[in-house]
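S.K.:
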Amino acid sequence: MKASKKAMGKAGGKKPHARRTKPGAVLIGADLGGTNFKCGVLGMSGEVLWRDSIPLLEPNDPRGIWSEIRSLIAEAFRRAEGRRVAAIGVGAAAPLDWKEGRIFSPPNMRGLKDARLAGMLEREFGTAAFIENDANAAAYGEFRLGAGRGTQSMVALTLGTGVGGGIIIDGRLHRGSNGVAAELGHTIVDPTGPPCGCGSRGCLETYASATATARRWREGVSSGRIRPPASLAKQPGEVTAKDLFEFAELGDGGSALIFAETGAWLGEAAGSFANVLDPDIFVFCGGMAAASKHFMPALLERFRGRAVSPAREKAEIATGRLGSDSGIIGAALLAAERLRPRR
Ligand SMILES: [Zn+2]
8 MKASKKAMGK AGGKKPHARR TKPGAVLIGA DLGGTNFKCG VLGMSGEVLW
58 RDSIPLLEPN DPRGIWSEIR SLIAEAFRRA EGRRVAAIGV GAAAPLDWKE
108 GRIFSPPNMR GLKDARLAGM LEREFGTAAF IENDANAAAY GEFRLGAGRG
158 TQSMVALTLG TGVGGGIIID GRLHRGSNGV AAELGHTIVD PTGPPCGCGS
208 RGCLETYASA TATARRWREG VSSGRIRPPA SLAKQPGEVT AKDLFEFAEL
258 GDGGSALIFA ETGAWLGEAA GSFANVLDPD IFVFCGGMAA ASKHFMPALL
308 ERFRGRAVSP AREKAEIATG RLGSDSGIIG AALLAAERLR PRR
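Numbers given in our numbering equal positions in the sequence shown, counted from 1, plus 7.
Spelled out as structure tokens, the structure:
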């Protein structure tokens, strides 16, 4: 097609004055969150050669968000420095059809409603493109190159605004029949618990996400159960899980108690996941994993009370090693996998 050829010339180094193609293909991996877009150039084994991220300024405008996505991917093509880009992989924080490459109706990125993102990228850049759920991509990155390296089965839980999940069984990402497998944050841990954004109640993420951890602290303060630290310099309503981590590091008992409760909720759920899946390893990642020192003891204790032996003793419990690169690494490696054979 016309547009595709033109785009190939633009991005693939086919202009008369473009550099000659160097040997060795690379991958482009991207992580499309609601507020940020991160993109990298990676070697075929997932090593990050270049990366950058931009804030998404127009997530709800179809032209605006597409222009932001396209410009950073075009920059990645330039950073590939003449090497062939074998595939583009994008992990997106949106409900999507991974096979069709279509985004459904993301509440935080309304500009991508019904966008056939994989096809748009293929036409623009003349390169095979694939999309995945962002938590699945991050889990797969940790499995291949991070904390799960060398294992065969892994359960990942990403602790941030919500609780994301990813499941790898016998070396393969488990996406499920409809692509919604591993929505582990929506495991119900308390049927009478708070309402969840998914329409259910008492989901794991209503207790154990970073957002929920801060909310439980605020509730504790307003009920008098938790005493805020004397040094608190902001309104309790503005306190985030990151603040609580800083308080806990300084020895604040109230924050430490809240993190211990977060750990207990996570251990409760992980114990059940062990009884269903019996993975080699559980990996806790995402922003709040930085506070693992404060939630891990309670997590382990509760996990051992729930998981059946010998998973109880043998399952490894770890934190992520790749930080925020896990998403671009996993998206790139999954794209490379889907190139051959296509499925
Ligand atoms: Zn839910």
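Every residue, glycine too, gets a C-beta built ideally from N, C-alpha and C.
According to DSSP, is Arg404 part of a helix, a strand, or is it coil?
M.R.: Because the chain here runs from 8 to 350, residue 404 falls outside it and cannot be looked at.
S.K.: Give me every residue whose Cβ sits closer than 5 Å to any heavy atom of ligand 3, in chain order.
M.R.: Because ligand 3 does not appear in the structure shown, any question about it cannot be addressed here, the ligands present being ligand 1.
S.K.: Tell me, to the nearest whole angstrom, how far the beta carbon of Leu284 is from that of Ala144; I am working on the premise that it is less than 8 Å.
M.R.: The pair is not a contact, with the Cβ atoms about 19 Å apart (cut-off 8 Å).
S.K.: Fully enclosed by the segment 247–323, which alpha helix (DSSP H) runs are 4 residues long or longer?
M.R.: 248–256, 260–284, 299–313, 318–321
S.K.: With Ala215 and Leu166 assumed to form a contact (beta carbons below 8 Å), what rounded beta-carbon distance in angstroms separates them?
M.R.: About 7 Å separates the CB atoms of Ala215 and Leu166; that is less than 8 Å, so the two are in contact.
S.K.: Taking the alpha helix (DSSP H) that Gly227 falls in, what are its first and last residues?
M.R.: 217–230
S.K.: Taking Cβ to Cβ, would you say Ala99 is nearer than 9 Å to Asp141?
M.R.: yes
S.K.: Are the CB atoms of Gly31 and Met51 nearer to each other than 9 Å?
M.R.: yes
S.K.: Would you say Ala145 lies against chain D (beta-carbon separation less than 9 Å)?
M.R.: Of the protein chains in this structure there is only one, and it is not chain D.
S.K.: From this set, Ala248, Pro235, Pro243, which residue's C-alpha is nearest Asp259's C-alpha?
M.R.: Taking Asp259 as reference, the option from Ala248, Pro235, Pro243 with the minimal CA-CA separation is Pro235.
S.K.: Report, in whole angstroms, the separation of the C-beta atoms of Arg220 and Ile175, which I expect to be a contact under 8 Å.
M.R.: Per the sequence shown, residue 220 should be read as Thr rather than Arg. Not confirmed; about 26 Å, so no contact.
S.K.: Does DSSP put Lys21 in a helix, in a strand, or in coil?
M.R.: Residue placement at Lys21 is poorly supported in this model, since its pLDDT is 44, which falls under 50; the coordinates still yield a value, given next. Coil.
S.K.: Measuring straight from C-alpha to C-alpha, what distance separates Ala87 and Gly173?
M.R.: Annotation: Ala87 to Gly173 spans about 29 Å, alpha carbon to alpha carbon.
S.K.: Return the residue from the list Gly327, Ser238, Asp59 that minimises the CA-CA distance to Phe150.
M.R.: Gly327
S.K.: Apply the 10 Å Cβ neighbour rule to Ala255 and answer buried if 16 or more other Cβ atoms are within range, or exposed otherwise.
M.R.: So Ala255 ends up on the buried side.
S.K.: On the CB-based measure, 16 or more other CB atoms within 10 Å of its CB, does Val290 come out buried or exposed?
M.R.: buried
S.K.: Which residues does DSSP list as the beta-bridge partners of Ser60?
M.R.: Lys45
S.K.: Based on Cα-Cα distance, which residue from Asp177, Asn115, Lys120, Ala93 lies nearest to Phe3?
M.R.: With the chain represented from 8 up to 350, any question about residue 3 goes unanswered, as that position is not in the structure.
S.K.: Using only the alpha-carbon positions, how far apart do Glu139 and Ser238 sit?
M.R.: Spanning the two alpha carbons is a distance of roughly 43 Å.
S.K.: In three-state DSSP terms, what is Pro202?
M.R.: strand
S.K.: Let's see if you can read the secondary structure: which residues bound the beta strand (DSSP E) around Met51?
M.R.: Following the DSSP letters along the chain, one finds Met51 in no beta strand (DSSP E), marked with neither H nor E.
S.K.: How many angstroms separate the CA atom of Glu135 from the CA atom of Ala277?
M.R.: Note on residue identity: the sequence assigns Ala, not Glu, to residue 135. One C-alpha to the other measures close to 36 Å.
S.K.: Tell me which same chain residues have a C-beta within less than 6 Å of the C-beta of Arg319, skipping the five on either side of it?
M.R.: Arg311
S.K.: Near Ala146, what residues of its chain come up, given a Cβ to Cβ distance below 6 Å and the 5 sequence neighbours on each side ignored?
M.R.: Ala163, Gly173
S.K.: Just how far apart, CA to CA, sit Glu344 and Gly337?
M.R.: 10 Å
S.K.: I need the DSSP call for Asn185, collapsed to helix, strand or coil.
M.R.: In the three-state reduction of the DSSP assignment, Asn185 falls in the coil class.
S.K.: DSSP on Phe137, reduced to helix/strand/coil?
M.R.: strand
S.K.: Between Asp197 and the rest of its own chain, which residues show a CB-CB distance below 6 Å, the 5 nearest in sequence each way excluded?
M.R.: Gly209
S.K.: If we ignore side chains and look at the alpha-carbon of each, how far apart do Thr218 and Gly169 end up?
M.R.: 7 Å
S.K.: Buried or exposed: where does Pro114 fall if 16 or more other Cβ atoms within 10 Å of its Cβ makes it buried?
M.R.: exposed
S.K.: Excluding five sequence neighbours on each side, which residues of the same chain lie with their C-beta closer than 6 Å to the C-beta of Leu211?
M.R.: Val170, Gly192, Thr194, Val196, Ala276
S.K.: First and last residue of the alpha helix (DSSP H) that includes Arg345?
M.R.: 333–346
S.K.: What would DSSP say about Ala122, mapped onto helix, strand or coil?
M.R.: coil
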